[in-house]
Amino acid sequence: MYPTLNLALIQTYLHWEKPEANRKMFEDKIAGISHDVDLIVLPEMFTTGFTMNPDVIAKEESEITVQWMHTIAQNTNVAVMGSIVYREEDAFYNRLFFVSSDQEMYTYNKRHTFTLAGENEVYKAGNQKLMFEYKGFKICPMICYDLRFPVWARNTENYDILIYVANWPKKRINAWDTLLKARAIENMSYSIGVNRCGMDELGFEYPGHSAIYNVLGEPLAFSRNEEVLYAKLHKEHIENTRNKLKFLEDRDTFNLIK
């Protein structure tokens, strides 16, 4: 039998720079999930919104949120993923965490910090791509602006699922829709994007458009509303399509200089 993976994507507004309020909100939304799921995915900076003022966030909030993710995973028997403002020594990171119910944890620091908003001046960029196995699927998570850089997402590791968590604004949402679908087609993987919705305190509007595309770039889920999106991913779909359409075997060979 081929494995399957049940996803829940939480598309919602965020309380600006209020970690406790956001944790409570997500806790309530997670408690309301009625489907059987294996992985819950939250947006980028899900406890604060896309803030360029991490100094206003209490130092202890980083570890409080990580422990909260562990507790949620244990209590629900479901893995949880999302990025937060993370303070490590004297540096700040836009760091994604994946925490499973058996307390397995993986982290990824956003590689492409968003220069248009000055993120590169506030947060330290990562330089390591993350790949991990979960329930028979190889998963590659990334964060928002990473979506614009196909070389970084290039599927040389034969991953099955590419996941982007984001705060992607309405004025550039056409790029989000187009690139998310393109990443599925060119990498022959599921491509998943979890965006927020609502307005932030800086006046930017976020229209949702969270989506799940299969290996052929066909949509399995899409929404503009504040809601939880669900989808079942099939390993058989990946393997059968790649065996029939051997496009990945024709990849150009080159090395990325980091």
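The letter at position 174 of the sequence shown is residue 190 when you use my numbering, and the numbering goes up by one with no holes. Ideal placement from N, C-alpha and C gives every residue a C-beta, glycine not left out.
Notebook entry, point to check: Is DSSP giving Pro157 helix, strand or coil here?
Noted result: Numbered from its first residue, the sequence shown carries residue 157 at position 141. Reduced to three states, the DSSP call for Pro157 is strand.
Notebook entry, point to check: If Trp168 sits next to Asn211, beta carbons under 8 Å apart, how far is it from one beta carbon to the other, in whole angstroms?
Noted result: Within the sequence shown, residue 168 is the residue found at index 152, counting from 1. Within the sequence shown, residue 211 is the residue found at index 195, counting from 1. Actually they are not in contact, since the Cβ atoms of Trp168 and Asn211 sit about 19 Å apart, beyond 8 Å.
Notebook entry, point to check: Alpha carbon to alpha carbon, how far is Val82 from Leu178?
Noted result: Sequence index remark: in the sequence shown, residue 82 carries index 66 (1-based). Sequence index remark: in the sequence shown, residue 178 carries index 162 (1-based). Whole-angstrom Cα-Cα distance: 22 Å.
Check: In the structure shown, what three-state DSSP assignment does Ser207 receive?
Finding: The residue you call residue 207 lines up with position 191 of the sequence shown. Strand at Ser207.
Item checked: Residue burial classification, Lys13 (beta-carbon count within 10 angstroms, cutoff 16) -> Outside the shown range of the chain, which is 17 to 274, sits residue 13, and nothing can be said about it.
Margin query: Relative to the C-alpha of Asn174, which candidate in Gly209, Glu265, Leu163, Met97 has its C-alpha closest?
Written below: For the purposes of this step, residue 174 is taken as residue 158 along the sequence shown, with counting starting at 1. The candidate whose alpha carbon is nearest that of Asn174 is Glu265.
Notebook entry, point to check: What are the partner residues of Lys248, as DSSP defines its beta bridges?
Noted result: By one-based count along the sequence shown, residue 248 stands at place 232. Lys248 pairs with Asn22.
Check: When burial is assigned at 16 or more other CB atoms within 10 Å of the CB, is Lys187 buried or exposed?
Finding: Mapped onto the sequence shown, residue 187 falls at position 171. Answer is exposed; the Cβ neighbour count stays below 16.
Checklist line | Backbone CA spacing between Leu232 and Ala74 [nearest angstrom] | finding: On the sequence shown, residue 232 is found 216 positions in, with the first residue counted as 1. On the sequence shown, residue 74 is found 58 positions in, with the first residue counted as 1. Between the C-alpha atoms of Leu232 and Ala74 there is a straight-line separation of about 44 Å.
Check: Taking DSSP as the reference, what is the three-state secondary structure of Met215?
Finding: To locate residue 215, count along the sequence shown from 1; it is residue 199. Residue state, collapsed to three classes: strand.
Checklist line | Burial state of Ile273, where buried means 16 or more other Cβ atoms lie within 10 Å | finding: Position 257 of the sequence shown, counted from the start, is the residue given in the question as residue 273. Per the 10 Å Cβ criterion, exposed.
Next item on the list: Pick helix, strand or coil for Asn136, following the three-state DSSP scheme.
Entry: Taking the sequence shown and counting its residues from 1, the one referred to as residue 136 is at position 120. Reduced to three states, the DSSP call for Asn136 is helix.
Checklist line | Beta-carbon contacts of Val72 that lie in its chain and below 8 Å, excluding the five residues immediately before and after | finding: Looking up residue 72 in the sequence shown gives position 56. The answer, listed in chain order, is Glu33.
Checklist line | Opposing strand residues paired with Thr123 [DSSP bridges] | finding: Start at 1 with the first residue of the sequence shown, and residue 123 comes out as number 107. Answer is Phe113.
Notebook entry, point to check: Near Val115, which residues of its chain fall below 7 Å by C-beta distance, leaving aside the five closest residues on each side in sequence?
Noted result: What you label residue 115 is simply residue 99 of the sequence shown in a count that begins at 1. Same-chain partners within the cutoff: Met85, His86, Ala89, Ala95, Val96, Met121.
Notebook entry, point to check: Since Lys251 contacts Asp176 with CB under 8 Å, what's their CB separation in whole angstroms?
Noted result: Locating residue 251 in the sequence shown gives position 235, counting from the first residue. Locating residue 176 in the sequence shown gives position 160, counting from the first residue. That belief holds up - the Cβ atoms of Lys251 and Asp176 are roughly 7 Å apart, short of 8 Å.
Next item on the list: Going by DSSP, name the residue or residues bridged to Ile46.
Entry: Residue mapping note: residue 46 aligns to position 30 of the sequence shown, counting from 1. Partner(s): none; Ile46 has no beta bridge.
Notebook entry, point to check: DSSP puts Val57 in a beta bridge; with which residues?
Noted result: As a first step, residue 57 is located in the sequence shown; it is residue number 41 there, counting from the start. Val57 pairs with Leu25, Met97.
Check: What is the rounded straight-line gap between the Cα of Asn241 and the Cα of Pro35?
Finding: By 1-based counting over the sequence shown, the position of residue 241 is 225. By 1-based counting over the sequence shown, the position of residue 35 is 19. The alpha-carbon separation between Asn241 and Pro35 amounts to approximately 22 Å.
Checklist line | Cutoff 6 Å; reference Ile201; Cβ partners in own chain excluding five residues on either side | finding: By one-based count along the sequence shown, residue 201 stands at place 185. Gly233.
Notebook entry, point to check: How about Lys197 and Ile159: do their beta carbons lie closer than 8 Å?
Noted result: Here residue 197 is taken as the residue at index 181 of the sequence shown, counted from 1. Here residue 159 is taken as the residue at index 143 of the sequence shown, counted from 1. Going by C-beta atoms, Lys197 is not nearer than 8 Å to Ile159.
Notebook entry, point to check: Which two residues bound the contiguous beta strand (DSSP E) that contains Glu149?
Noted result: As a working note, residue 149 is residue 133 in the sequence shown. First-last of the beta strand (DSSP E) with Glu149: 148-150.
Check: When you compare each of Glu60, Leu23, Leu55 to Leu30 by their alpha carbons, which one comes out closest?
Finding: Here residue 30 is taken as the residue at index 14 of the sequence shown, counted from 1. Checking every option, the nearest Cα to that of Leu30 belongs to Glu60.
Check: Cα separation between Leu55 and Ala24?
Finding: Position 39 of the sequence shown holds residue 55. Position 8 of the sequence shown holds residue 24. Whole-angstrom Cα-Cα distance: 6 Å.
Notebook entry, point to check: Going by DSSP, which residues form a beta bridge with Arg103?
Noted result: To locate residue 103, count along the sequence shown from 1; it is residue 87. Answer by DSSP bridge pairing, in chain order: Phe108.
Next item on the list: Starting from Tyr229, follow its DSSP beta bridges and name the residues at the other end.
Entry: Stepping through the sequence shown from its first residue, residue 229 is reached at position 213. The partner list for Tyr229 (beta bridge, DSSP) reads Ser207, Pro235.
Checklist line | Inter-residue spacing [alpha-carbon to alpha-carbon] between Glu105 and Thr67 | finding: As a working mapping, residue 105 is identified with position 89 in the sequence shown. As a working mapping, residue 67 is identified with position 51 in the sequence shown. Cα to Cα, the separation comes out at about 19 Å.
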